Each structure stands twice: as C-alpha cells, then as structure tokens.
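Asker: FYI, the numbering for the sequence shown is -14 to 152, going by our numbering.
Ideal Cβ placement from N, Cα and C applies to all residues, glycine included.
Owing to the predicted nature of the structure, the values given are computational and were not obtained by experimental measurement.
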Amino acid sequence: MELPQEQIEVVVQSQYMTEQEREEFLKKFEQERTHSLIGFCVMGGVFSEGIDLTEDKLIGAMIIGTGLPQVCLERELLKYYFDRKNLNGFDYAYLYPGMNKVLQSAGRVIRTDQDRGVITLLDDRFMDRQCQEVFPREWNDFQICNSENIEEKIAKFWKAEEQTDTK
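(1) Roughly how far, in whole angstroms, is the beta-carbon of glutamine 115 from the beta-carbon of aspartate 68, given that I think they are within contact range, below 8 Å?
(2) How about threonine 149 and phenylalanine 111: are their beta carbons less than 8 Å apart?
(3) For a quick check, are the C-beta atoms of arginine 93 and alanine 46 less than 8 Å apart?
(4) Which full runs of the alpha helix (DSSP H) of 4+ residues lie inside the segment -5 to 33, going along the chain?
(5) Taking Cβ to Cβ, would you say histidine 20 is nearer than 8 Å to glutamine -2?
(6) Is DSSP giving glycine 45 helix, strand or coil here?
(7) By the DSSP assignment, the alpha helix (DSSP H) with leucine 58 in it spans what residues?
(8) Can you grab the Cα-Cα spacing for the pair tyrosine 65 / aspartate 41, in whole Å?
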C-alpha cells in the first residue's frame, strides 16, 4: 500500500532540540489529523521514556537494531567482572543494556490496556535465543515477516483488531 506523499507527514528528532522543540514534536502526535504521521527518534534518546501517547496517538514502532552499546573500556571491565563470577559478562555489559533500550522504545506504543499497535523489530539478531529470552512473555506470539509480507501481516493485525473492537 503506497500513500501519496501529501498524506504523510514526517517529523525527525534532532540532536540538539530545545525544550520547546521537543514539546512541538510531541504535540504533532496529540493533534487530530487526516494524514499519516511518521516520527523518527533515537533509541535511548529523550523520547524513549516518560512519553504517554495513548489510544491511537502512537500505533506502531519500528525499532532498528538491538541497541547494544559500543565497545569501550567501561563495558569491557563490566564484562570481565561478570565473566570472573562465572556469569555471562557479555549479557550484563552489552545485551541487557541494549535490550532495555529496545523494550523502552517498544513500550511507547502500548501504555494502557486499551492501546493497540504494531512493534516491528528490524535486525536478524532479534531471532537469537539470547534476545528472545529477554523479551516479555506477552511477545511470545510474535510473527516473522519480511519486505514481501509485512504489509499483509500488518493489515491482518488491524483487521483482527477492528473485529475485536466491534464485539
């Protein structure tokens, strides 16, 4: 499904947004609109926590990458510390902090039991057992998709939601 360009508004988080610019960014999601709104935000950035866009104000998130921190001395020391305790140091130094960012970002979509939305994880590493063990149990019913079938799967999800709402 392709939308004409005039039916899509795109907003992008910039690195040095003022408080007023942040508020204007969020207001875009609160406003009534007749077109689609796509917002690009940095995972782990200022919009990753404490944002409540309930009901149909935010109905999806595409999370690109696992959020793993970059290798640095501090992370390597943390990894070494947990490895020495016979724990998986990589998980503590890299995986858990990265997946926490992913879960925080995904959590923007579903804030209440009335919220519905699609969370799309774009990275093959999300299929690794290590990542899936960190997923919340509510994510057990995930679906694998690709560029050929994602539109169909999302349409099927929303159709099922519409049928649930009418019951």
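Answerer: According to the data block:
(1) Taking C-beta atoms under 8 Å as the contact rule, glutamine 115 and aspartate 68 fail to qualify, at a distance of about 15 Å.
(2) In this structure, threonine 149 sits away from phenylalanine 111, with a CB-CB distance that is not shorter than 8 Å.
(3) Contact flag set, yes.
(4) If we require 4 residues or more, the alpha helix (DSSP H) runs fully inside the segment -5 to 33 come out as 4 to 15.
(5) When the beta-carbon positions are compared, histidine 20 and glutamine -2 stay at least 8 Å from each other.
(6) If DSSP states are grouped into helix, strand and coil, glycine 45 belongs with the strands.
(7) Per DSSP, leucine 58 belongs to the alpha helix (DSSP H) from 58 to 69.
(8) Their backbone Cα atoms lie some 45 Å apart in a straight line.
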